[in-house]
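Chains C and R are the protein sequences, given in the same order. Heads up: the first sequence begins at 515 in this note's numbering, then just goes up one per residue. Heads up: the second sequence begins at 515 in this note's numbering, then just goes up one per residue. Even for Gly, the Cβ is constructed at its ideal location relative to N, Cα and C. As the structure is a prediction and not an experimental result, all values here were calculated from the model. Structure record follows, encoded as structure tokens.
There are 2 protein chains.
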Amino acid sequence: MQGAIGVGMLGLGIVGSGVAQALLTKADSIARRVGRPVVLQRALVRTPDKPRALAPALLTTNPAAVLDDPAIEVVVEVLGGEQPAHQYILAAIERGKHVVTANKEVMAKYGPEILESAAARGVDVAFEASVGGGIPVIGAFRLDLLANDLQEVTAIINGTTNYILTKMAREGVDYETALAEAQALGYAEADPRNDVDGIDAAYKLTILATLAFHARMRPADVYAEGIARLAAADFRYARELGYAIKLLAIGRATERGLELRVHPAFLPADALLANVDGVYNAVSVEGDLVGRVLFYGRGAGAGPTSSAVVADVIDIAQRLHAGRLGGEARAASPLTRLLPPLDEARRVLPMQDVWTRYYLRLIAADRPGVIAQITHVLGEHEISLASVIQKEDVVVDAASDLRHAEIVLMTHRAHEAAMQRAVALIAELPTVARIGSLIRVEG
Amino acid sequence: MQGAIGVGMLGLGIVGSGVAQALLTKADSIARRVGRPVVLQRALVRTPDKPRALAPALLTTNPAAVLDDPAIEVVVEVLGGEQPAHQYILAAIERGKHVVTANKEVMAKYGPEILESAAARGVDVAFEASVGGGIPVIGAFRLDLLANDLQEVTAIINGTTNYILTKMAREGVDYETALAEAQALGYAEADPRNDVDGIDAAYKLTILATLAFHARMRPADVYAEGIARLAAADFRYARELGYAIKLLAIGRATERGLELRVHPAFLPADALLANVDGVYNAVSVEGDLVGRVLFYGRGAGAGPTSSAVVADVIDIAQRLHAGRLGGEARAASPLTRLLPPLDEARRVLPMQDVWTRYYLRLIAADRPGVIAQITHVLGEHEISLASVIQKEDVVVDAASDLRHAEIVLMTHRAHEAAMQRAVALIAELPTVARIGSLIRVEG
């Protein structure tokens with residue numbers, strides 16, 4: 515076998531340790547698949563004294579020891595977070611190194627520019643692990659679905675929130691209880707906002723939408739609404755009505771523009787996505803030729819993420835081995851395939867202009883005519899009802915001991931701005947105590 | 515843009531017409547993705563006089579007009595069937611042309627040798643469309659899952675049988691009725707044996723298992739049992755017991771060898787595969803790093819198959835454009851990535867040595883002690899029961915008007931050979947009128 519291909523790592527946390535372990539324990543089979551050995555040369559860490567499986571000689575706290583080492587041809591970035599990861603990725607590209615990253619934040623914020631720099635420098639940037647862990651969804655967009663005009667991507671791409679929602683649905687517990695258990699099990703962080711507010715899912719949707727719609731998308735283009743306001747009651751009604759509640763990431767090409775949104779949604783209980791539970795992720799795609807395809811698997815964790823990172827390393831190493839990267843091939847680098855020309859004219863539809871259906875739960879006086887008042891307001895905004903459920907005897911104000919009813923409305927398709935205006939007016943009706951939830955209905 | 519990449523087609527049936535239409539109508543976007551135009555030069559047809567969307571000048575009945583044309587760099591084989599497709603593919607490779615094929619029969623029977631010839635000649639053979647239509651499952655094995663040791667592939671990969679089974683499950687109709695409707699709708703052929711006997715699924719499993727287990731598999735290595743003996747009663751009991759019935763293709767690496775089998779199976783009703791209905795396909799894969807991933811979509815039809823064929827054409831064209839195929843790169847062709855070294859030592863476990871659970875339905879005299887006799891035979895073969903259902907008043911013999919009971923047994927894990935012997939003995943018990951069904955239970 516020929517000389518080894520050197521790999522340097524930036525970061526050796528949970529994912530990084532998984533990648534390092536896979537590179538070491540699977541060295542023989544990786545070498546067979548590549549045609550020559552792939553050798554972990556050095557890993558950047560913050561605390562070199564922590565006990566690790568890796569030989570201390572391989573550890574460094576100096577980024578230059580990875581970025582400037584000519585024996586390192588492939589840099590694996592698994593630091594996470596925006597900085598210094600972004601800066602290191604650019605430095606690696608500048609030095610002519612290929613990059614494999616699991617960094618959704620950096621790829622969401624700077625992906626197109628990073629890929630353009632890499633193409634100009636004749637190196638590859640692979641990022642399969644940035645969305646959906648080991649589910650090969652980036653590869654599908656990069657290549658397998660290229661013949662299609664894609665109309666829609668609908669995904670469950672945040673394992674933390676899906677774990678919490680699954681627990682709320684199955685056990686009837688409230689949000690705080692489910693979150694606390696997710697934290698105890700390590701599925702949610704001590705500060706869970708990045709996950710529960712939909713920010714993580716918005717990063718991933720930005721990456722998917724950029725690839726799916728060949729458009730230069732930014733995280734700020736994504737409307738993001740989290741799960742913290744969902745109540746146990748919503749899950750009871752969802753089940754009663756034949757739905758599941760999921761945090762969906764939706765990218766949709768409509769005639770009026772691209773819809774890009776992350777929010778909790780009702781999904782028919784028999785929909786495949788409705789049955790993606792726990793920490794699993796799934797990405798459903800609609801194309802003009804292929805129809806609907808769906809990818810499912812674990813979206814996070816050391817194993818699945820390592821699966822994607824090491825596959826990207828193998829892919830680059832195979833092409834390095836075959837002499838198909840770098841050198842004189844620079845002008846026509848493999849990067850052209852990562853990012854076909856972007857359609858700069860594609861615009862994102864403001865959330866206010868989205869049309870969808872709604873579930874509205876509110877607490878109102880248990881008195882005749884209340885529903886008529888509410889439907890009157892909806893009607894004035896051209897929103898028609900699909901169904902109404904009224905439950906009596908919900909005590910809202912323990913002090914006054916007033917009897918209130920919980921009213922659940924399902925609408926037909928309506929304009930988001932009109933729905934928001936109608937709900938604001940409904941909240942002000944004297945007979946309405948408060949709005950419980952407003953949840954969009956998809957599928 | 516540089517000079518065009520010429521494509522020649524072998525076959526212009528339903529799939530071929532879909533591919534030709536996609537190449538023509540999407541010429542602009544394909545050219546943008548590739549970097550230069552991809553042009554359909556010529557198509558081999560049997561009957562040139564049939565009305566078609568393609569200009570008559572593009573049609574030929576002479577295979578050499580495709581295979582020997584130096585302007586054609588990529589040959590798309592969509593003839594189907596073993597010959598002359600196999601011979602044409604080899605001829606194209608020999609002439610230094612890249613090949614894209616949707617041919618599961620040829621790839622199942624001759625895949626490894628075709629890929630080896632292609633590697634030796636420095637050309638690529640792509641076959642994403644051979645399994646699962648537009649679902650990018652071949653690509654997943656070729657690249658995305660390469661870092662994994664794969665333990666299992668379980669798939670629903672024949673749309674015809676899945677349509678029939680879904681109909682039987684939903685409508686309670688018998689096999690013949692469901693088959694007739696599938697034929698009327700064009701989902702089953704006039705001679706349906708290739709599908710309903712599990713032959714088509716066995717071809718596809720051969721291809722998947724070769725890639726998943728890096729082993730040189732043949733269709734003859736696959737145990738194949740079709741769906742024609744399933745009865746409406748089996749679907750009733752399956753539902754009652756909490757199962758669905760699917761034609762599964764299973765490849766499993768066990769310590770004793772590889773299991774390769776296609777047969778109807780009970781699957782727990784809440785399993786994802788149990789909810790893959792109609793003409794949809796799904797492939798579920800277990801790997802040591804990635805855990806479980808599942809791919810879902812339409813497994814057949816002009817659109818989905820064209821999606822995969824055209825993606826393969828784009829991939830080859832991109833690499834041709836980038837100068838990464840052919841010429842001096844021959845010694846290190848991209849084919850090395852299609853087929854990592856095969857482990858010639860891997861052996862297939864005979865079906866007789868498989869262990870699984872079983873559902874057994876039989877018709878017996880409605881008399882005390884019958885179940886005791888049956889369980890005695892099972893016990894002698896070290897097969898233990900998980901549950902028993904007995905229904906009375908099934909009239910088997912209308913002439914004698916004897917009262918019989920239908921008995922349904924679910925076993926724990928048992929050895930296939932022992933189960934077969936036990937069932938043969940049970941069939942001979944004087945109190946047993948006949949064996950209704952023996953169906954394996956998975957998941």
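Pairwise C-alpha distance: residue j and residue i
i                : j                : result
Ala716 (chain C) : Ser901 (chain R) : 48 Å
Ile949 (chain C) : Gly893 (chain C) : 18 Å
Val521 (chain C) : Val613 (chain C) : 10 Å
Ala798 (chain R) : Gln535 (chain C) : For the record, residue 798 (chain R) in the displayed sequence is Ser; it is not Ala. Taking the straight line joining both Cα atoms gives about 25 Å.
Val862 (chain R) : Leu719 (chain R) : 13 Å
Ile759 (chain R) : Asn672 (chain R) : 14 Å
Ala606 (chain C) : Val589 (chain C) : 7 Å
Arg656 (chain C) : His728 (chain C) : 10 Å
Ala783 (chain R) : Val922 (chain R) : 18 Å
Gly792 (chain R) : Val868 (chain R) : 29 Å
Asn789 (chain R) : Asp709 (chain C) : 29 Å
Leu943 (chain C) : Gln934 (chain C) : 15 Å
Ala747 (chain R) : Ile544 (chain R) : 51 Å
Gly594 (chain R) : Asn662 (chain C) : 23 Å
Arg844 (chain C) : Arg609 (chain C) : Only weak support exists for where Arg844 (chain C) lies, its pLDDT of 36 falling under 50; the value from the coordinates is given anyway. Their Cα atoms are separated by approximately 14 Å.
Asn617 (chain C) : Ile828 (chain R) : 28 Å
Ser631 (chain R) : Gly625 (chain R) : 10 Å
Arg707 (chain C) : Ile741 (chain C) : 10 Å
Leu849 (chain C) : Leu629 (chain C) : Confidence at Leu849 (chain C) is low in this model, with a pLDDT of 37, below 50, so the placement of that residue should be treated as unreliable; the coordinate-derived value is given next. Straight-line Cα distance between these residues: approximately 7 Å.
Ala694 (chain R) : Met682 (chain R) : 12 Å
Residue i: first and last residue of the uninterrupted beta strand (DSSP E) it sits in
i                : result
Tyr873 (chain C) : Trp869 to Ala879
Thr768 (chain R) : Tyr757 to Thr768
Glu920 (chain R) : Arg917 to Thr925
Ser543 (chain C) : Premise fails: Ser543 (chain C) lies in the alpha helix (DSSP H), Ala541 to Val548, not in any beta strand (DSSP E).
Arg743 (chain R) : It is not in any beta strand (DSSP E) - Arg743 (chain R) carries neither H nor E in the DSSP assignment.
Glu666 (chain R) : Leu664 to Ile670
Val521 (chain C) : Ile519 to Leu524
Ser898 (chain R) : Per DSSP, Ser898 (chain R) belongs to no beta strand (DSSP E) and is neither H nor E.
Phe780 (chain C) : Gly771 to Pro782
Ala459 (chain C) : What is shown of chain C runs 515 to 957, which leaves residue 459 (chain C) out entirely.
Phe641 (chain C) : Here Phe641 (chain C) belongs to no beta strand (DSSP E), and DSSP marks it neither H nor E.
Cβ-based burial, residue i [other Cβ within 10 Å; buried from 16]
i                : result
Glu842 (chain R) : Only weak support is given to the placement of Glu842 (chain R): the predicted model assigns it a pLDDT of 41, under 50, and the question is left unresolved by the model.
Thr575 (chain C) : exposed
Lys564 (chain R) : exposed
Pro570 (chain R) : exposed
Gln866 (chain C) : exposed
Arg871 (chain C) : buried
Pro650 (chain C) : buried
Asp714 (chain R) : buried
Ala859 (chain C) : exposed
Pro818 (chain R) : buried
Ala972 (chain R) : With chain R running from 515 to 957 in the structure shown, residue 972 (chain R) is simply not present.
Residue i, enclosing alpha helix (DSSP H) - first and last residue
i                : result
Thr615 (chain R) : Per DSSP, Thr615 (chain R) belongs to no alpha helix (DSSP H); it is in the beta strand (DSSP E), His612 to Thr615.
Gln601 (chain C) : Ala599 to Glu608
Val620 (chain C) : Lys618 to Arg635
Gln555 (chain C) : Unbroken run through Gln555 (chain C) is the beta strand (DSSP E), Val552 to Leu558; no alpha helix (DSSP H).
Ile649 (chain R) : That residue, Ile649 (chain R), is in no alpha helix (DSSP H); it is neither H nor E in DSSP.
Gly673 (chain R) : Gly673 to Glu685
Cβ pair residue i, residue j closer than 8 Å
i                : j                : result
Thr668 (chain C) : Leu787 (chain C) : yes
Gly805 (chain C) : Gly801 (chain R) : no
Gly712 (chain R) : Glu690 (chain R) : no
Asp826 (chain R) : Ala622 (chain R) : no
Gly530 (chain R) : Val592 (chain R) : yes
Ala779 (chain C) : Arg954 (chain C) : yes
Leu526 (chain C) : Arg566 (chain C) : yes
Asn676 (chain R) : Tyr794 (chain R) : yes
Asp658 (chain R) : Ala745 (chain R) : no
8 Å contact criterion, which residue i and residue j should meet: CB distance rounded
i                : j                : result
Thr945 (chain R) : Ala886 (chain R) : At roughly 10 Å, the Cβ-Cβ gap does not stay under 8 Å, so Thr945 (chain R) and Ala886 (chain R) are not in contact.
Val559 (chain R) : Leu573 (chain R) : 5 Å
Ile678 (chain R) : Ala696 (chain R) : 5 Å
Ser951 (chain R) : Val533 (chain R) : 41 Å between Cβ atoms; not a contact.
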